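Residue numbers (the working numbering), protein chains in the order written: chain A, 454 to 1185; chain B, 652 to 1313.
The C-beta atom is built at its ideal place from N, Cα and C for all residues, glycine as well.
Since this is a predicted model, take the numbers as computed values, not measurements.
These notes are about the structure you will find just below.
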Amino acid sequence: MSKIIASAAIRGANTLAARADEMLQKAIAEKGKDFVFEFPDTAFYLPMIYAMTGFQVKTLGDMNVALGFAKELLHDEPSEQVWKPYLGEALDSGMATLFAEEILLALRYVNGLEPCKDPDTGYVYNGFITDTIQRNLGIQLVDGTMPGFAAIIGAAPTDDIAVSICRELQEKNILTFLSGQSNGDSVTRQLLRKGVDLGWDTRIVPLGPDTEHTLYALDWAIRASLIFGGKKPGNFKEHLTYQKDRVFAFAIALGPMDDIKWSTGAGAINMGFPALCDTDVPVIHPTGVCTYEEVDKEFDHSRIVQKAIEMRGLKITVEKPPIPVAYGPAFEGERIRKEDTFIEFGGQRTPAFEWTRMREMEEIEDNKVIIVGDNWQERYEKGGQMPLGILIECAGRKMQKDFESVIERKIHHNINEAQGVWHMGQRDINWIRISNNAKKDGFTLEHLGILQATMTHHRFRSIVDKVQVTLYIDEKDVKEKLQEARAAYKERDQRVGSMTDEAVDIFYSCLLCQSFAPAHVCVITPERLGLCGAYNWLDGKAAYEIDPTGGNQPVPKGDLMDAKYGRYTGVDDYLKKASGGAVETLNLYTIMENPMTSCGCFECILAIIPEANGVMIVNRGHTGMTPMGMKFSTLAGTVGGGAQTPGFMGVGVNFITSKKFLFGDGGIKRIVWMPKALKERIAEEFRTRAEEAGVPDLLDMIADETICEDSEKLVEHLTSAGHPALEMDSII
Amino acid sequence: MEKRIHTATPAAERIVEWAEEQKIETCFDRAEKLKQCPIGKEGACCKVCHMGPCRLVGKNAEAEARGVCGATLPTVAARNMLRMIAAGTAAHSDHARGMVETLLAVAEGQAKDFKITDIRKLYRVAGILEIEFEGRPVNDVARDVALKFLEDFGRQRGGEIYYTKRAPQKTQDRWRKWGIVPRSIDREVVEAMHRTNIGVDHEPDHVLLHGLRTALADGWGGCMISTDITDILFGTPQPVKAEASFGIFKEDEVNLVVHGHEPLLAEMIVDVVSEPEMIAYAQTKGAKGINLGGMCCTANEILMRHAIPTAGGFTNQELGIMTGLIDALTVDVQCIMPAITEVAKKFHTKIITTNYRAKIQGAEHIEFEEHHARDIARRIVRLAIDNFPNRKTKGSHITDKFPVIAGFSHEYIEYMQGGRWRGSFRPLNDAIMAGRIRGVVGLAGCDNPRVQSTGLHRFLAMELIKNDVLIVSTGCGSAACGTAGYLTPEMSLENAGPGLREVCEAIGIPPILHLGACVDNSRILTIASAMAAEGGLSDEIGGMPAVGIAPEWMSEKAIAIGCYFAASGVPCIFGGESPVEASSEVTKIMTDVWFERFRGALHFEPDPEKMLAMALDYIDKARETLKLKKYEPGKFGTEKVLMDMAARREIEKAAKPHVGIF
């Protein structure tokens, strides 16, 4: 009965609080209570304690205060007979456990013990999950490619079962965290023994060897409501409701349960995350704390994933093309090393290209895969290297020439999501590898075509009625077709270049993030892509054609009210409605007055530096200090959650080189600082834009972290470099 | 002749039998000897003026019978009912006034023996009353709270009692539509007396509407104020483990019993009996210590807060004395049988009246007064100790006792469903929606020697939980269940239906939740309001799958309670013959008409099987109207709605505001 669980959770919390206390007092004795601590790359202190209580833990002394909160939540075990109620007490103990675990893990960092290293294999666990990773994953959290999260605790009965559970989770696009042990073994070790790729790229993230490390996953979850939900620290009711309603996480506990597992589970139940066990545990079926069952059991490991997903109320639709290998975004990140490669195409080794073009309905045959080249089977069987031209021809009543590039960009994902098949690059610089394992499983050249046809249909279901795929494998054919393709690329680029905000009547909104950031609305124009960098205007247009009631809606521009700041009547009308009244009006081309809001998954943050009379840009991957005196993670905390914050704005990388970038504030000449890596990434485009703006060497005048990380030195640098921003009108 | 069973509590029955042998008369004997007046019991007797009493009887009395003044039977029955409501309201509310006065005295530093125990609750109440509390001294806030509550008693110019707004908006709308929002407590009682005076209000429906207004002044006024202030002064109850029945008395300790309804003196006695000097004094008299017990609702108050054991409810008061073990019995107000002084004469027990309002011939009077609370409590405890050596061997020594889990305040019920962080009524609402819990019954009211005392409570409690109905109990209903051994979590494992059992097991609760004294029926009102606010069931109190039952009621206070539940939207079923039996028109108003207007009703039904059927029928009909899953025992579980990304984007943007407990 649930009393067993409650008793264990209450005991576990008491144990952990005592353990944390002991470690903390020792650390304070050694290092003093003013010893400063922060988890790597987070703006949220000890995130669970911060979100629940609003208390910022910055020092060991602060930890002592926070541990006091945990102690207040401890209770006595219910008695054998005539017991007093225990559910509320067990859940309190769960929260106490999370607080104690957060402090324990922080202290392990202080003592240099995190991230853990597996003593046998040398494998280094992930440890604390940074804000950057959280934001990197932002778009996947909302576009359906990462619909849920599993925490697997313990070890499966056999290595093969561990692999099959994780593979199933991968195929269902679930992000999986691993922690804890059972009988001295763990799923992490089981997967390592089986040679399974682990890490963020394959969506299987080992956090640490102990149950306590599960807290890292919960710390990750709670930051969703801080970052994307814009919930105030300390407003625990709202945070926890958000977690229950929007963060689709669940636990699968493999192997025998103990007090710590139960108490950590009780902590997770506070967040609405249920647990499914593979042992004969008591179950808790009544609903209300979780959406459905809180604790359940399933002995059949082939059913455990499906059951856990349903228990969490998660709907997953997976389109799997008829190919002999596993398929899904979780396999996208797989690398195929040279020695594992069976055959490769392109990559400067052989001529190759990929090209999508629109055809008339009668010109192509649906789902047909044509391989042009004699004896292709024999030549494929030999492996090694081969030329490859991929031509995808699409027809449909709603198909438009503009969608060619949108469909073509998905080729990368179509191929990469197949396990054992790898793709990078695009157009005529693509590179594909098929691994020995995939070949062994029966993957042929034809499958490369089949998956394109299937996935193009799936992704563009109401645009594309017919898809035909042709693969060219003779060098002569490839080179010939390549000429045609290049002409098409060029024509396309010119068309995109001429696509301006003024040239269209309709912008598109992007509401995908409303599943996590309910108040935020992106407005995507031809010259301003979504702040996540993943959706441009054409994507929006195509997405609307695919699903007229979906996350991208047309926004008729209406009348232009302010050409300089980019204010349109239609945009304002739409925003009022779509943001639920949170945003009244929007200026597309300025940071200073009613700028665009952010969900939290922006690629870059712009922030004004008044003393430099300009703006700095910091991209998500940059973890160093900025002249603002804040790191990316801290700055990001000021912009998320769908609120307009003049002087701060989240943008996509490609927007920096748009002609509409801060058009109303003076354009790219306002940029005074950005990280070197970002400079390098956009250099080519930027130089072109700089020339157009009349300052050809602007990029060199812009400071970066190698020049300065504070505003005083920044101004010095700008002055000596003769940066134009200093001469411009005051930005404020 | 078949042996008559007087009470369904075996321990009590053994004492009654012993008393018969000893020729000591009890309420059971008197109930048997003294038949109810057949005219008065069904509401057909009018004695509001001295032209009467008039008996409105005879063939076709409903249409034809008239009093001397011409009053019809429906008029007379309705007026009698209103007078009962007024008396009940007066009782609870005068008690509440005492609580407010004490709070004020504490705030002003004049009642130094008391303090404010639950500051969080004080702030919550202040918040509801729109009194600023942040950054202010606690006593200033308490004073403002007390002064605002005092307004609720004597407000003279229109207005509404403050707690009206705690009801769901739709419930308030119904009250406003029918003009029954109470203006102030005393005023409604005074007006009730005025209207029923000779020659004033004669239209039965009009008379009874004022009955509902007066009753609302009781429920959302007196009772609720009393509950909240008692929590502020002495702590909001949380579950405690205690004991019930006559076995709580100890042979080798001084047994002091507090009986009645007020917690003030009792709280002080709780404190004083653990003073080392007192214990030492008891030891000088040959006792091992001092054992404090309770009876009736004073017992419930200190049981809920301090785990003080209870000897049971109303019909146990004479029997308790007959154990021969009670050295002193203090009484305050309400439900005190004057017979106890007679019984006590045959034993050594001292009866002490303590309230300025209530004296009994043959009792010693030590008047409680909050400014000198501790001194008075000490005097009483000393008196009990001094009486210990006088204890004789005579008595029906009973050792039966049962463990009890009690202390389910609104706040704790919210807490127990999710703890400090997730506390809410979602799980309860979910359980009702999924059919795990069929519905909720408030099992309350007195125990009564005219039936097999506590027997109806026991029967209904057992049958309801078997039928997956969660019970919340108060007053002597709680005492009846406690002395039956029903208030344990094991009860749910052994006797609850499969769905209720799952819920009880998940939370760790008994299937019957002891909410406190009869004045704490107000907790049921705020719980029902919270359930409405939580969503998924009815958006008002009316229409919930919930019923109130007082199977053995006898006090006018029970009538006031039944009427405030009816007006708030809860159908109530009372046991025994109807006090308005004589008039079918009045009966119809109190059932059909009230149900149509307020979704509540007040039925009288002596047959326990029929009470049960009627309650389940109300619950099932409410489920049907709310389009909930049809109740089927053992078949529950929500159909899962699996969420894809599009569905997640549609999650209602503004989460429903929810008043948390902390």
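Residue-level contact to chain A via CB, residue i, 9 Å cutoff
i       : result
I1056/B : yes
W826/B  : no
R1077/B : yes
D1081/B : yes
A1298/B : yes
D1295/B : yes
G1167/B : no
K684/B  : no
For residue i, the nearest candidate out of the options (CA to CA)
i       : options                               : result
G485/A  : A1174/A, L513/A, S455/A and V742/A    : L513/A
E861/A  : I843/A, E665/A, R1140/A and Y695/A    : I843/A
A871/A  : I882/A, K854/A, I903/A and C847/A     : I903/A
S1180/B : R1077/B, V1032/B and L1107/B          : R1077/B
V489/A  : S532/A, A504/A and V563/A             : V563/A
N636/A  : I606/A, L645/A, T655/A and N626/A     : I606/A
Q985/B  : T1134/B, S1206/B, A1217/B and H1048/B : S1206/B
G1086/B : A933/B, P1054/B, G870/B and D1271/B   : D1271/B
A462/A  : G597/A, L622/A, T655/A and K714/A     : K714/A
Cβ-based neighbour list, residue i, same chain, cut-off 7 Å, excluding 5 preceding and 5 following
i       : result
R1025/B : D764, M919 and V923
A519/A  : L499, I502, F508, V510, F552 and I556
E427/A  : Because chain A is modelled from 454 through 1185, residue 427/A falls outside the range shown and cannot be assessed.
Limits of the unbroken alpha helix (DSSP H) element including residue i
i       : result
M919/B  : L915 to V923
D795/B  : V789 to G805
Y925/A  : Segment K919 to Y925 is the beta strand (DSSP E) holding Y925/A; no alpha helix (DSSP H) there.
L1059/A : Premise fails: L1059/A lies in the beta strand (DSSP E), C1057 to I1062, not in any alpha helix (DSSP H).
Q838/A  : Unbroken run through Q838/A is the beta strand (DSSP E), G837 to M839; no alpha helix (DSSP H).
Beta carbon proximity, residue i to chain B, threshold 9 Å
i       : result
I769/A  : yes
G741/A  : yes
D541/A  : Per the sequence shown, residue 541/A should be read as Gly rather than Asp. With 9 Å as the cut-off, G541/A counts as an interface residue toward chain B.
Q759/A  : no
N626/A  : no
T667/A  : no
L557/A  : no
M1102/A : no
G1203/A : A query on residue 1203/A cannot be resolved here, the shown segment of chain A reaching from 454 to 1185 and no further.
D1015/A : no
D1163/A : no
Close beta carbons around residue i, own chain, < 6 Å, minus the five adjacent residues each side
i       : result
R1123/A : G1067, V1068, L1115 and A1178
Q1006/A : S962
D882/B  : D769 and K772
T455/A  : Per the sequence shown, the amino acid found at residue 455/A is Ser instead of Thr. Cβ neighbours of S455/A beyond the five flanking positions: P735 and I737.
I959/B  : L943, G945 and I953
Cβ-based neighbour list, residue i, same chain, cut-off 8 Å, excluding 5 preceding and 5 following
i       : result
P1284/B : N1118, D1119, G1148, P1149 and G1150
Segment limits, beta strand (DSSP E) that includes residue i
i       : result
V1106/A : From DSSP, V1106/A is part of no beta strand (DSSP E); its letter is neither H nor E.
M877/A  : V874 to M877
W1126/A : I1124 to W1126
Problem set entry | 3 or more residues per run - each beta strand (DSSP E) lying fully within the segment 678–751 of chain A | 702–707, 728–730 and 748–750
Exercise. In chain order, which beta strand (DSSP E) runs of at least 3 residues are fully inside the segment 1021–1060 of chain B?
Worked result: 1053–1057
Exercise. What alpha helix (DSSP H) runs, 4 residues minimum, are completely inside the segment 483–541 of chain A?
Worked result: 500–506 and 513–525
Problem set entry | beta strand (DSSP E) runs wholly inside the segment 804–830 of chain A, at least 3 long, in chain order | 805–811 and 821–825
For this session: Could I get the ranges of all uninterrupted alpha helix (DSSP H) runs contained in the segment 1260–1300 of chain B, with 4 residues as the minimum, in chain order?
Result: 1296–1300
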